[in-house]
Amino acid sequence: MNELKVVVFIDFNSQRIRREVHVWIDLEHDHILTFNGIVDGLGPLPALVSPWMENGSLDSYLKQGPVLSKAEKLRMLRQIAAGLKYCASIFFSVSGSDMLIDLLVHDKGVVHGDLTCTNVLMSANQTLHLADFGLSVVLSESQNSTFNSCHPGNVRWMAPELLALPEEGGVVMPTKAADVYSYGCIMLQVFCGCAPYLWLPDAFRVIAARLTGTAPFRHFRDIEDVHKEFSLRCITVDSGGRPVASEIVGFLPTE
25 MNELKVVVFI DFNSQRIRRE VHVWIDLEHD HILTFNGIVD GLGPLPALVS
75 PWMENGSLDS YLKQGPVLSK AEKLRMLRQI AAGLKYCASI FFSVSGSDML
125 IDLLVHDKGV VHGDLTCTNV LMSANQTLHL ADFGLSVVLS ESQNSTFNSC
175 HPGNVRWMAP ELLALPEEGG VVMPTKAADV YSYGCIMLQV FCGCAPYLWL
225 PDAFRVIAAR LTGTAPFRHF RDIEDVHKEF SLRCITVDSG GRPVASEIVG
275 FLPTE
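Sequential numbering of the sequence shown, starting at 25, is according to the working numbering.
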């Protein structure tokens, strides 16, 4: 039984690595972490190589309690939004044939699927980069066997519809609207300094709170009403009422 568990675990992670390489390899943007290659021999699974981010994750950086001006917070949020909306034209192999698609992290092509402050990394000069595309989905390939399910990411930032039970024979897929919900949580965390459901110590309690409709934030400090209201639009339970990535970019001032 133990051997079976190991095999299943490795198979799941192998699938996630294949998914991540498939999506990540063609993403080139100032705010997308660069994919440098794959290294074998460090363990049972291949290791994905990317540049070292000296300041670690945005989550760990914010937990240090840095004193940030409004301009600095907005700069961070613009960088994340720019990475989310990023657009490029690339070739993907779909059902054995090449087709040209617009690949966007966000508007037409790629859903991140696990956008959290732990998956936004900061370089030495405080530039932010989206990382961890292991749960990402290429929308044009959502029926492909490589992308036939959504495994749970970090429930603190996860959109409520992703916690719903799927219909019989179906799966719950990540969506652009779900990414926007996660972005709204990041926006409030950057402004207010508190992670979603900060008062709950573990995922089990977070899930229980979410199933009862408990909101992810109790207090709103150091945030202007205009930013608070926009953030709350992003995290509304009604996924159809959330803004799209281009609207987020347009909302954030450039200076």
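Where is the CB? At the ideal position from N, CA and C, for every residue including glycine. Just so you know, these numbers come straight off a predicted model, no measurement behind them.
Classification of S93 by the beta-carbon crowding that lies within 10 angstroms, buried from 16 upward: exposed
Quick check on the DSSP output: the beta strand (DSSP E) that includes G61 runs from which residue to which? G61 to V63
For A188, three-class secondary structure by DSSP: coil
Reducing DSSP to helix, strand and coil, say where S74 ends up. coil
Compare the C-alpha of K255 against each of A232, G237, A95 and Y205 and name the closest. The sequence shown places Ser at residue 255, not Lys. The shortest Cα separation from S255 among A232, G237, A95 and Y205 belongs to Y205.
Could you give the distance in angstroms between the alpha-carbon of F244 and the alpha-carbon of M182? 20 Å
Rounded straight-line distance, which links the Cα of A188 to that of C141: 23 Å
Using only the alpha-carbon positions, how far apart do V268 and A148 sit? 30 Å
Once you ignore the five residues that flank R266 on each side, which residues in its own chain have a CB closer than 7 Å to its CB? A201, V204, Y205, R257, C258 and T260
Provide the residue span of the alpha helix (DSSP H) that contains H251, from first to last. D249 to C258
Note down the Cα distance separating V179 from L235, rounded to an integer number of angstroms. 12 Å
Own chain partners of V230 with C-beta closer than 7 Å, once the 5 adjacent residues on each side are dropped: V179, R180, Y221 and L224
Should the segment 62 to 69 be regarded as contacting the segment 80 to 90, the criterion being three or more beta carbon pairs within less than 8 Å? no
May I ask you to report which of helix, strand or coil DSSP gives I104? helix
Rounded C-alpha distance that separates K252 from P70: 42 Å
What's the gap between the Cα of T238 and the Cα of F228? 14 Å
What number of angstroms, rounded off, separates the C-alpha of L108 from the C-alpha of L154? 8 Å
Is P75 buried or exposed, if buried means 16 or more other CB atoms sit within 10 Å of its CB? exposed
Between A105 and I272, how many whole angstroms is the CB-CB distance? I'm expecting something under 8 Å. 5 Å
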